[in-house]
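Last residue of the sequence shown: number 906 in the working numbering, and the count goes up by one each step with no gaps.
A short write-up of the structure that comes next.
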Amino acid sequence: LSAALLGEDSEISQEQLYELLKYAALGKCHNAAQPSWCRIYHQSHLAGVVVVVLHEMSQLHFYRFYLQFKRLRRMFRHVSPQTASLSSKLLPVLKPPPRDNGCSGISCITKSSDLQCDPIIQRYGGKKQGLTSYTLTLEEQKKNDYPIEGSPGCKGYISTECDQQRTDSSPLFGLDCEMCLTAKGNEVTRVSLVDARGQCLLNELVKPESTVVNYRTRFSGITRKMLLPVKTRLSDIQTRLKKMLPHDAVLVGHSLNSDLQALEMIHPSVIDTSLLFARSEGRRFKLKFLAKAVLGKEIQCEQKLGHDPTEDARAALELAQFFIEQGPTKLNSIALFLILCSTIVLYLFEPCLLLSLQILQRALEDVPLSKFSIIQFSLGPEYLASHLHAGLHEKVRSKLTDMLTIYAGPFEENFCMKSVKKEFGRCGPIQSLTVVTETFQPYVCIQYEVLEAAQLAVECLNGAEVAGSCIKVQRPVTAAMLDCNVLIKELELDVENQGVIYVAGLKKSLTETDLQEEFSQLKDLETLFLPKDLQSGKHRNCCFLKFQKTQSAVDALEAINGWTMKGSELRSRNALAPGHLWKWIWQTNHSNGKQGKHIFYEKMEQLCDSVSVRLC
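Here's what the structure looks like:
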């Protein structure tokens, strides 16, 4: 791919990423266009698309934990800063666009082979039908463990006696129960019933007959204190339900068989939304997901203690009503593009340190096999306080400053500062140079503008004689710098530094043309970057050379070091700091009101313009 296709920075933007994912997920049958910057052949053959979002894991975290991101930094050339939630932008983009080619969304989608194979269409057909078409048959009830009149396991169960013939105008009622674990098994502790308008007809706590072993408060919301004053028993609820339900009532619920088993009641006509929206091989969606995907409603929120049975009963009822009113095909074309593509959004808000296997197990439990999945890991809002973010930013900034800084000494009391500056200046541009007077003998603190210069000073001048003294050159000794040597080695392996070397000790009078002529004997030289002083406009005494092949860079480094051995003032080494790091520093400083660019920002711009972009 040509860098020109991807914009000035040779980076893939969020919009370009959306183009790719949209076409990969929807394809031509939903009128999605091929991405502008790449091409997907045979999109219909894609087994699936998975997007893993490390929410709030910005470039700041990437640099703070650079050593830990071994695979990430080696696989991807660019780290683009994100300004908003990726998943919140992906979901609207993935919706099928309105049709403008003369055919309706329904007729166009119906032609799709994917839709014809959809289990909902296969089960109910493409035409809209009345509610009686979606009630479970006797065989389906038996298969899904519904209480059946005369079944061996239903001895003592109470019938609702709603035995009147059902029609498409029969009334719908939403039912949901919460259970606790008792010595007997699962027993009802709360029952809710809503009518077709969503009005609550019954919301009652129930005292179980047996001793409660586990209240399951996390899910049921029931506590021991809540049940202490309760006098209502299961038989009371059974009687009330029999009186409230008309003889042609149709009960609606999500996995309603569990509720009826716990109520020990038999009802002949039911709509089970877990089966209504079931995928192939009987895979079912949770009520929480369906409510969000189809109705756009949030239920079973984390902030609440346990589930609200009235809320769940109403959600199941509205799901059934939506299905009946819109029909299977309309459902797929308008509201259930998430289910059509089997798109799942998973938020793991666990603040505790879960093991990788625990996270994987949680994902396998909550996310059905899907053709398009967005798995979002979040640290949770409590970890996003601005002062914590500022503290992390300061740690990264401080470590970078320490890596650019070296201490040299000891020197004689009346040493020549000019000689010191000249010798250390051969390693690269110096930002500041100060004398440390707190020590018995004077030391010099030097902060360079580029990381390569500081590393060259440590490698070339440690143990050397400078200004009449045999000196030691070292970086600051802090807790954050203990892994500095490891970090330096890893930075050399960064994909952006492949084939790039740093050369210092140049005469400032040399132009780029002069340097190109001087280095013309180096094989496969592709790009030469000579940075300038941002204030004076004069060239620095260092440059970066990029070669077409990594081995050519190795050979060039060996050749230049050979020149140094013969008396040349040039010093060179492998490049260290990737351009995206210095671009991020410039953007951060710019957002804080600081003006100007760092020379590495220019390095990134020039070097990236000369290379092709690799997608991993």
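Note that the Cβ used here is the ideal one computed from N, Cα and C, for glycine as well.
Starting from the C-beta of leucine 491, find all residues in its chain whose C-beta is less than 7 Å away, skip the five residues before and the five after it, and write them out in chain order.
As a position in the sequence shown, residue 491 is number 201, starting the count at 1. Once the five neighbours on either side are set aside, the close Cβ partners of leucine 491 are Leu483, Val484, Asp485, Met534.
Beta-bridge partners of histidine 597, as assigned by DSSP
As a first step, residue 597 must be located in the sequence shown, where it is residue number 307. Partner(s): none; histidine 597 has no beta bridge.
Start and end residues, alpha helix (DSSP H) containing isoleucine 438
In the sequence shown, residue 438 corresponds to position 148, counting from 1. Careful: isoleucine 438 lies outside any alpha helix (DSSP H) and carries neither H nor E.
Tell me which same chain residues have a C-beta within less than 8 Å of the C-beta of threonine 691, skipping the five on either side of it?
By 1-based counting over the sequence shown, the position of residue 691 is 401. Cβ neighbours of threonine 691 within its own chain (closer than 8 Å, five residues either side excluded): Gln737.
Name the DSSP beta bridge partners of asparagine 864, please?
Start at 1 with the first residue of the sequence shown, and residue 864 comes out as number 574. Its beta-bridge partners are Ile791.
Determine the burial state of threonine 768: buried for a count of at least 16 other Cβ atoms within 10 Å of its Cβ, exposed for fewer.
In the sequence shown, counting from the first residue as 1, residue 768 sits at position 478. Burial call: exposed.
At which residues does the alpha helix (DSSP H) containing arginine 508 begin and terminate?
Taking the sequence shown and counting its residues from 1, the one referred to as residue 508 is at position 218. Segment 507-510, the alpha helix (DSSP H) holding arginine 508.
Note down the Cα distance separating lysine 576 from tryptophan 327, rounded to an integer number of angstroms.
Against the sequence shown, residue 576 aligns to sequence position 286. Against the sequence shown, residue 327 aligns to sequence position 37. Using only the alpha carbons, I get a separation of about 37 Å.
Residues that histidine 829 bridges to, as DSSP identifies them:
One-based indexing of the sequence shown puts residue 829 at position 539. According to DSSP, histidine 829 bridges with Lys822.
Contact criterion: CB-CB distance below 9 Å. Does threonine 501 meet it with respect to chain D?
Going by chain labels, chain D is absent from the structure shown, which holds only one protein chain.
Look at the alpha carbon of glutamine 764 and the alpha carbon of glycine 753, and state the distance between them as a whole number of angstroms.
The residue you call residue 764 lines up with position 474 of the sequence shown. The residue you call residue 753 lines up with position 463 of the sequence shown. Going from the Cα of glutamine 764 to the Cα of glycine 753 covers about 10 Å.
On the DSSP letters alone, give me the boundaries of the beta strand (DSSP E) that leucine 465 sits inside.
Translated into the one-based positions of the sequence shown, residue 465 becomes position 175. Here the beta strand (DSSP E) through leucine 465 covers 462-472.
Cysteine 735 - partner residues in DSSP beta bridges
Taking the sequence shown and counting its residues from 1, the one referred to as residue 735 is at position 445. Among the bridge pairs identified by DSSP, cysteine 735 is matched with Tyr697, Thr724.
Length-filtered (3 minimum) beta strand (DSSP E) runs lying within the region 321-351
339-344
Compare the beta carbon distance of alanine 698 and valine 734 with 9 Å and say whether it is the shorter of the two.
Counting from one through the sequence shown, the residue named residue 698 turns up at place 408. Counting from one through the sequence shown, the residue named residue 734 turns up at place 444. Contact flag set, yes.
Based on the DSSP output, what are the partners of leucine 914 in its beta bridges?
Because residue 914 is not part of the residues shown, which for the chain are 291 to 906, the question remains open.
List the whole-angstrom C-beta distance separating alanine 843 from valine 776, where the pair is believed to meet the contact cut-off of C-beta under 8 Å.
The sequence position of residue 843 within the sequence shown is 553, counting from 1. The sequence position of residue 776 within the sequence shown is 486, counting from 1. So it is not a contact: roughly 22 Å between Cβ atoms.
Can you give me the start and stop residues for the beta strand (DSSP E) that threonine 479 sits inside?
Taking the sequence shown and counting its residues from 1, the one referred to as residue 479 is at position 189. That run of the beta strand (DSSP E) goes 476-484.
Have a look at Asn434, Gly475, Gln528, Ile438 and flag the residue whose alpha-carbon is nearest the alpha-carbon of serine 545.
In the sequence shown, the residue the question calls residue 545 occupies position 255. Closest by alpha carbon: Asn434.
For the region 509-589, list the alpha helix (DSSP H) runs that are entirely contained and at least 4 residues long, ordered along the chain.
Look at the region 509-589 and you find these whole runs of alpha helix (DSSP H), each 4 residues long or longer: 514-517, 524-534, 546-553, 563-566, 577-580.
I want to know whether the region 497-516 touches the region 455-466 - three or more CB-CB distances under 8 Å.
no
Pull up the distance between the alpha-carbon of glutamine 731 and that of methionine 707, whole angstroms please.
In the sequence shown, counting from the first residue as 1, residue 731 sits at position 441. In the sequence shown, counting from the first residue as 1, residue 707 sits at position 417. Glutamine 731 and methionine 707: Cα-Cα distance of roughly 14 Å.
Is it buried or exposed, glutamine 934, if we count other Cβ atoms within 10 angstroms and call 16 or more buried?
As shown, the chain starts at 291 and ends at 906. That puts residue 934 outside it, with no answer to give.
Given 8 Å, three or more beta-carbon pairs between the region 823-838 and the region 794-805
Segments in contact, yes.
What residues match up with isoleucine 448 in a beta bridge as DSSP calls it?
Along the sequence shown, one-based indexing puts residue 448 at 158. Partner residues in the beta bridge of isoleucine 448, as assigned by DSSP, are Met555.
Can you tell me whether glutamate 305 is buried or exposed? The criterion is at least 16 other CB atoms within 10 Å of its CB, across all chains shown.
On the sequence shown, residue 305 is found 15 positions in, with the first residue counted as 1. Exposed, by the Cβ-count rule.
With distance defined between alpha-carbon atoms, name the residue in Ala846, Leu541, Thr472 nearest to leucine 815.
Walking along the sequence shown from the start, residue 815 turns up at place 525. Comparing Cα positions, the closest option is Ala846.
Compute the distance between the beta-carbons of asparagine 787 and alanine 849, then report whether it is under 9 Å.
As a first step, residue 787 is located in the sequence shown; it is residue number 497 there, counting from the start. As a first step, residue 849 is located in the sequence shown; it is residue number 559 there, counting from the start. Cβ distance not < 9 Å, so asparagine 787 and alanine 849 don't count as in contact.
With 16 other Cβ atoms within 10 Å as the buried cut-off, status of arginine 508:
Translated into the one-based positions of the sequence shown, residue 508 becomes position 218. So arginine 508 ends up on the exposed side.
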